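For the sequence shown, numbering that gives the first Met the number 0 assigns the number 0 to the initial residue and increments by one for each residue that follows.
Here is the structure we will look at.
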Amino acid sequence: MKTTTTTTTILAAALLTACGGDIERNDAAPTTTTQHADRFVGDWSVSFNTNRDSGADFTLAASGDIVVLRRGDGTPLEAIATKPGVKIQCAVGTRWHSAGSAVLVFEAATCSDGIARDVNIAFPADASGNSAYDLRVEVASVGGDTAWRATDFNGPWTIHRCTSAGCR
0 MKTTTTTTTI LAAALLTACG GDIERNDAAP TTTTQHADRF VGDWSVSFNT
50 NRDSGADFTL AASGDIVVLR RGDGTPLEAI ATKPGVKIQC AVGTRWHSAG
100 SAVLVFEAAT CSDGIARDVN IAFPADASGN SAYDLRVEVA SVGGDTAWRA
150 TDFNGPWTIH RCTSAGCR
């Protein structure tokens, strides 16, 4: 046993010498950056196309918080995404970030099956149309699964950036 320990020590010393004798240590904790793209920071309005007040206005804060300013009945905030063939829907949640400049991520959204999932909403690359009422976005994935879609209630929900503070 002593021969094995001695041999291991000699091999380690030889390896150190062959590598220049320096061992680089990196004790720094890995860093992660959560992006909050400027295009998304501000006030937004989301609604189903119905004859009742099914809209909600909310702020996407630069801190990552989602602050609801106004909420109608049965808004997409409670059912932003659904998985076809399965009766599971996911709500918006209270935190957000972006993945690049064209994907809005509602973090750990609460889903009707009790599982929290990130909901990724894909926007057009050109942000100049964010305040248009005909802005076309899509649910890109939920929890990494691309089979999810925008919840449809008399047509899918629509979203647009508000042109005035508080969407009024």
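Idealized CB from N, CA, C, for every residue including glycine.
All values reported here derive from a predicted model rather than from experimental measurement.
Item, Value
"Confirm, please, whether the CB-CB distance from W156 to A149 is below 8 Å.", "yes"
"Can you round the beta-carbon distance between H96 and G142 to whole angstroms, since I take them to be within the 8 Å contact cut?", "About 15 Å; that fails the 8 Å criterion."
"In this structure, does DSSP put A41 in helix, strand or coil?", "The sequence given here places Gly at residue 41; Ala does not occur at that position. In the structure shown, G41 sits in a strand (DSSP, three-state: E or B)."
"If you draw a straight line from the C-alpha of T49 to the C-alpha of A115, how long is it?", "28 Å"
"G54 by DSSP, collapsed to three states: which one?", "strand"
"By Cβ distance below 8 Å, which residues in the same chain neighbour S100 in space, the five residues on each side in sequence not counted?", "A36, R38, A124 and A126"
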